[in-house]
Structure formats: C-alpha cells, structure tokens
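First comes the structure, then the notes that go with it.
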Amino acid sequence: MTHSEFDQIFPLGEKNDAYAQYFIGQSYLAPLTSGSVPVSNVSFEPGCRNNWHIHHGTGGAGDQILLCTAGSGWYQAECRQPINMEPGTVIRVPAGTKHWHGAKTDSWFSHLAFITPGEDVSNEWLEPVTDEVYGQLPGS
212 MTHSEFDQIF PLGEKNDAYA QYFIGQSYLA PLTSGSVPVS NVSFEPGCRN NWHIHHGTGG
272 AGDQILLCTA GSGWYQAECR QPINMEPGTV IRVPAGTKHW HGAKTDSWFS HLAFITPGED
332 VSNEWLEPVT DEVYGQLPGS
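What follows is the structure, encoded as structure tokens:
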C-alpha cells in the first residue's frame, strides 16, 4: 500500500523532514490547527516509529493526547506493556512519561497529537526504539 492508497479522514501532510532524525522510517505531518492548542495529524509508514521521548510540563501542562484515526500502531511507556492502537483508541500520556509510538510492521498508522498548553512545556528526544525491542512486539 502506498501513501496515496492509505484511507484516512485527515490530510496525510508533507514528509516530516524537520523531525526525521527522531524517527526510524518515514513519517508525515499535517498541522490541523495552530494557536494555543496546536493539533497535528501524524502518519507513519509501516514499520515507522519515533524515538523514545518525554514531554515536560507542570500542573497538567505538557500532557500529550494521542487519538488514533486510521491504521494500526503501538504506544509504549517505559517499563510498561505496549498498547495496541486502532481507530478510536485514545491515549493520555502524562507529562514526564518516557514513551514512543509508531506503526506496526504491516500497517500504516495515523493519530492526532496535541500537548496540553502551559508554561515551561518542552519535548526531550531520546534514543531510538531498537529493532530488537520493536521486533519483540506482537505482530511486528
């Protein structure tokens, strides 16, 4: 399946070249809103995943919300079991949680992503999710 055949309700967007160094594989980014609560549609080709990362914030700010809209993917917090993401899955990632998310090996994957706004909100990119870790996931 090519990106033009991937059926989803939001635009695919452009290749996510600005953040390519933090992904294994090709991702796409379609900003949907801007302002105080920017929302983006992030799409992943099969096998694509982002690096481990942490969103920082305090007092409820910096939480990330992921809403799966198409395809099939994974979310995993450090020291936790991976969570299967299918259309309709909603994940709240509390600020300070080391985690990653991405597509399964045999499926495209898209989610809407936004961060709850506030002061001192930042993102810290960490090490890649290794092929060994990713390859141990069910169906990967």
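Okay, so the sequence shown: first residue is 212 according to the numbering used here, each after it adds one. For every residue, glycine included, the Cβ atom is placed at its ideal position computed from N, Cα and C.
{"Item": "Quick check: the Cα distance between I294 and D342, rounded to an integer number of angstroms?", "Value": "18 Å"}
{"Item": "Buried or exposed: R260, going by 16 or more other Cβ atoms within 10 Å of its Cβ?", "Value": "buried"}
{"Item": "Counting pairs of Cβ atoms below 8 Å between the segment 267-287 and the segment 324-343, do you hit three or more?", "Value": "yes"}
{"Item": "With 16 other CB atoms within 10 Å as the buried threshold, where does P257 fall?", "Value": "buried"}
{"Item": "Using 10 angstroms around the beta-carbon of Q287, count the other beta-carbons present and answer buried if the total reaches 16, otherwise exposed.", "Value": "buried"}
{"Item": "For K315, does the count of other Cβ atoms within 10 angstroms reach 16, so buried, or fall short, so exposed?", "Value": "buried"}
{"Item": "Tell me the start and end of each unbroken beta strand (DSSP E) in the segment 279-347 that is at least 3 residues and wholly inside, in chain order.", "Value": "284-288, 294-296, 301-304, 310-314, 320-326 and 333-336"}
{"Item": "Are there three or more Cβ pairs, one per stretch, closer than 8 Å when the segment 271-286 is compared with the segment 215-224?", "Value": "yes"}
{"Item": "Identify, in the order they occur along the chain, each residue of the same chain with its Cβ nearer than 6 Å to the Cβ of K309, setting aside the five sequence neighbours on each side.", "Value": "W263, I265 and E289"}
{"Item": "The beta strand (DSSP E) with L240 in it runs from where to where?", "Value": "S238 to T244"}
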